[in-house]
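Last residue of the sequence shown: 151 in my numbering, with the numbers rising by one and none dropped. Note that CB positions come from ideal geometry on N, CA and C, so glycine has one too. The structure displayed is predicted, hence computed values, not measured ones. Reviewing the structure listed below.
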Amino acid sequence: MDTPASSEAASPSLRVLVVDDVAVNRSVASALLRSLGHSSEIATTGMEAFYLAIQVRFDVVLLDLSMPELDGIEVARMFRLELPKGSATGRRVFILGTTAGTVPEDVDNLPGGGMDAWIQKPLSAPELRTALAGLGGSPFQR
């Protein structure tokens, strides 16, 4: 029988860019990713995330939808236009939107905005693990 620890150990480590303007959210996301065996780097704004992603190849971008200056949807569109093959493997970078309070019209904009999936805050290890397991091209999750 597979235990959570053994299935986590078997999954490949991902390089994740955490983008959030709230320090505690960045800390929680980084700690959860570390507990799941993944590495993370931090960006506090959409522009900082974009410039970092030009220099470093990420497998996943964990992207807050509600940020000042550029919101998550605008940042995702920039990633899709400028970094179509943004991961180290040459695959398109997986963009996982995060939100504390989504209204239906916001959710409808996510796939068109370049998001692959989204999860609700506060983040939890089981939900994050499930979302990251969908890297193989699973449909947009609601």
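Return the residue from the list the options that minimises the CA-CA distance to residue i.
i    : options          : result
A40  : G110, A134, L141 : A134
S44  : S22, G55, F88    : S22
M124 : V102, I51, E91   : V102
A109 : L144, M76, L90   : M76
For the putative contact between residue i and residue j, defined by C-beta atoms under 8 angstroms, what is the C-beta separation to the nearest angstrom?
i   : j   : result
L71 : V28 : 7 angstroms
T54 : D30 : 7 angstroms
What is the DSSP secondary structure of residue i, counted as helix, strand or coil?
i    : result
V31  : coil
R24  : strand
E78  : coil
S36  : helix
A142 : helix
V102 : coil
A126 : strand
L132 : coil
L137 : helix
V84  : helix
L72  : strand
A109 : coil
Residue j and residue i - do their beta-carbons sit closer together than 8 angstroms?
i    : j   : result
G81  : G46 : no
L132 : V37 : yes
L137 : V69 : no
L61  : E50 : yes
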